[in-house]
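K.L.:
This is the structure I have questions about; it appears just below.
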Amino acid sequence: MKYRKMGKLDVKVSVLGFGAMRFPTVGEESRIDEPKAIEMIRYAIDHGVNYVDTAYGYHGGQSEILVGKALKNGYREKTYLATKLPVWLVNKKEDMDRLLNEQLKKLDTDHIDFYLLHALNKDFWQKIYSLGAIEWGEKMKEKGLIRYFGFSFHDDLETFKKIIDTHDWDFCQIQYNYMDIEYQAGKEGLEYAGKKGIGIIVMEPLRGGRLARPPKDVQELLEKYPVKRSPVEWALLWVWNHPEVSTALSGMSTLEQVKENLEIADKAEVNILTQEELEFIEKIRLAFLGRKAIDCTQCRYCMPCPYGVDIPRNFYIYNEGIRYDDWGAPKWEYNNAMKIEERANNCQKCGICETKCPQGLPIRELLEMVHKTLSY
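Following our numbering, the numbering of the sequence shown begins with 1408 at its first residue and continues without gaps.
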């Protein structure tokens, strides 16, 4: 196992971190297959992984309990344990104390090594900042209940920089992979935080597993390249190629995935990829981007819709399904993460959007197709 310094901290973490959000289950998500999950975590730690990441809400609230059990029998002492404050459940200062105490009990530990404000965006940040979360976090460090204080992030680059500049953070966690170089914090955010000495943890290095299972045409490009690597290896090495990255979290679901990722992690080095290989990965990225059925450029000239339909987002979600040949996440986002009025079926067919579209798209027809494809 290779290890890297966590930014300015005097801490070295394994380049591969164990993300505890995709354990094997027995039926529903909250019913974790406990023997298999514990075996996976302990196998990873026995082979050098020293960073385990969970959160309050993972697996319906059961992930922290499972991780606590897995870290018994001496494994807690071998591991940096990370979990997250569910900021959406915080409405007053006292909620932060209550939730942290609950997490310490579920994890059966007296301290959290890396504690994060979970999934910050503009709204969550404004709320949690106004409630004094930064001062609270530093106080918890003084009490020894947490060792290092950071945040995970899901919003735009401007918001990311604003949060970074507000406090002397110990570390942060961002989504980053070769498809997301301009998404959320992206490459610019990675480098911005890195220059400030902030430890950087990467989540979704395989984009929720989509980069591990490329569609046929992308897979053929990979197979034709003279350097033979699996899709997983290309994706992980690309992330570890960046000097700013301390560890990459993988949400592993089987022992076989654990073993595969451990083997790849043994090769992880900064600048391990040649310029030619980086150019090849860019070719792969463009091949993914070229897989879209709706030629929407996300210019947003069609907006605002008088009835509230988020036309570009509907098209983006649909194209994500086409791009990765995987409809699970797009269907979930359409049916659960979008407001009812934003969904495609709220189109009233007024046609105003079509008069503004530079691409001349038949938006009304396309929205019908999106809803038929994505609705449950």
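All C-beta atoms in this analysis are idealised placements derived from N, C-alpha and C, irrespective of residue type, glycine included.
Since this is a predicted model, take the numbers as computed values, not measurements.
When we look at the beta-carbon of M1503 and count the other beta-carbons within 10 Å, is it buried (16 or more) or exposed?
P.N.:
The residue labelled residue 1503 in the question sits at position 96 within the sequence shown. With 16 or more Cβ atoms within 10 Å of its Cβ, M1503 is classed as buried.
K.L.:
Alpha carbon to alpha carbon, what distance is there between K1666 and G1434?
P.N.:
For this step, residue 1434 is matched to residue 27 along the sequence shown. For this step, residue 1666 is matched to residue 259 along the sequence shown. Near 24 Å, if we compare the C-alpha coordinates of K1666 and G1434.
K.L.:
Could you check if N1721 is buried or exposed, using at least 16 other CB atoms within 10 Å of its CB as the buried criterion?
P.N.:
Sequence index remark: in the sequence shown, residue 1721 carries index 314 (1-based). Buried is the call here.
K.L.:
Roughly how many angstroms lie between the CA atoms of V1625 and V1459, to the nearest whole one?
P.N.:
Residue mapping note: residue 1625 aligns to position 218 of the sequence shown, counting from 1. Residue mapping note: residue 1459 aligns to position 52 of the sequence shown, counting from 1. Near 32 Å, if we compare the C-alpha coordinates of V1459 and V1625.
K.L.:
Using 9 Å as the threshold, is the C-beta distance between K1443 and L1662 below it?
P.N.:
Locating residue 1443 in the sequence shown gives position 36, counting from the first residue. Locating residue 1662 in the sequence shown gives position 255, counting from the first residue. Contact: yes.
K.L.:
Just verifying my parser: in three-state terms, what is the DSSP assignment at M1547?
P.N.:
Looking up residue 1547 in the sequence shown gives position 140. If DSSP states are grouped into helix, strand and coil, M1547 belongs with the helices.
K.L.:
Would you identify the three-state DSSP class for K1443, choosing helix, strand or coil?
P.N.:
Reading the sequence shown from its first residue, position 36 is the one you call residue 1443. The answer is helix: DSSP assigns K1443 an H, G or I state.
K.L.:
Could you tell me the distance, in whole angstroms, from the CA atom of N1742 to the CA atom of E1549?
P.N.:
Locating residue 1742 in the sequence shown gives position 335, where the first residue counts as 1. Locating residue 1549 in the sequence shown gives position 142, where the first residue counts as 1. Approximately 43 Å between the Cα atoms of the pair.
K.L.:
Straight-line CA distance for N1753 to L1774?
P.N.:
Position 346 of the sequence shown, counted from the start, is the residue given in the question as residue 1753. Position 367 of the sequence shown, counted from the start, is the residue given in the question as residue 1774. The alpha-carbon atoms of N1753 and L1774 are separated by roughly 9 Å.
K.L.:
One question on the structure: do P1541 and C1579 come within less than 9 Å of each other, judged by their Cβ atoms?
P.N.:
Position 134 of the sequence shown, counted from the start, is the residue given in the question as residue 1541. Position 172 of the sequence shown, counted from the start, is the residue given in the question as residue 1579. In the sequence as presented, Pro is not what sits at residue 1541; that position holds Ile. Not closer than 9 Å, so no.
K.L.:
Classify K1491 as buried or exposed, calling it buried when 16 or more other Cβ atoms lie within 10 Å of its own Cβ.
P.N.:
Along the sequence shown, read from residue 1 onward, the residue named residue 1491 stands at position 84. Result: buried.
K.L.:
So what's T1573 in DSSP terms, helix, strand or just coil?
P.N.:
As a working note, residue 1573 is residue 166 in the sequence shown. Of the three classes helix, strand and coil, the one that applies to T1573 here is helix, per DSSP.
K.L.:
Determine the burial state of N1498: buried for a count of at least 16 other Cβ atoms within 10 Å of its Cβ, exposed for fewer.
P.N.:
Locating residue 1498 in the sequence shown gives position 91, counting from the first residue. So N1498 ends up on the exposed side.
K.L.:
By a C-beta neighbour count over all protein chains shown, 10 Å radius and 16 as the cutoff for buried, is Y1783 buried or exposed?
P.N.:
In the sequence shown, residue 1783 corresponds to position 376, counting from 1. Counting Cβ neighbours within 10 Å, Y1783 comes out exposed, since fewer than 16 surround it.
K.L.:
Which partner residues of T1432 appear in the DSSP bridge assignment?
P.N.:
Here residue 1432 refers to the residue found at position 25 when the sequence shown is read from its first residue. DSSP, once it has assigned bridges, lists I1439 as partnering T1432.
K.L.:
In its own chain, which residues sit with a C-beta less than 6 Å from the C-beta of E1761, not counting the 5 before and 5 after it?
P.N.:
For the purposes of this step, residue 1761 is taken as residue 354 along the sequence shown, with counting starting at 1. I1770, listed in sequence order.
K.L.:
Identify the residues that DSSP records as bridge partners of D1460: which are they?
P.N.:
Counting from 1 along the sequence shown, the entry for residue 1460 is found at position 53. For D1460, which the question treats as bridged, DSSP gives the partners G1426, A1489.
K.L.:
Beta strand (DSSP E) containing V1777: first to last residue?
P.N.:
For the purposes of this step, residue 1777 is taken as the residue at position 370 of the sequence shown. No beta strand (DSSP E) contains V1777, which is instead part of the alpha helix (DSSP H) from 1770-1781.
K.L.:
Could you tell me whether the region 1450-1457 touches the region 1410-1421, where touching means 3 or more Cβ pairs closer than 8 Å?
P.N.:
A contact exists between the region 1450-1457 and the region 1410-1421.
K.L.:
For P1713, which residues in the same chain have their Cβ closer than 7 Å to its Cβ, ignoring the five residues on either side in sequence?
P.N.:
Working through the sequence shown from its first residue, we reach residue 1713 at position 306. Cβ neighbours of P1713 beyond the five flanking positions: C1757, I1759.
K.L.:
Determine the direct distance from the alpha carbon of K1779 to that of A1675, and round the result to whole angstroms.
P.N.:
As a working mapping, residue 1675 is identified with position 268 in the sequence shown. As a working mapping, residue 1779 is identified with position 372 in the sequence shown. When rounded, the distance between both Cα atoms is 43 Å.
K.L.:
Nearest CA to the CA of Y1522: which residue from D1530, N1508, K1534, K1529?
P.N.:
On the sequence shown, position 115 is the one that residue 1522 refers to. Measuring from the Cα of Y1522, the nearest candidate turns out to be N1508.
K.L.:
If we count Cβ pairs, one from each stretch, closer than 8 Å, do we get three or more for the region 1569-1576 versus the region 1596-1616?
P.N.:
yes
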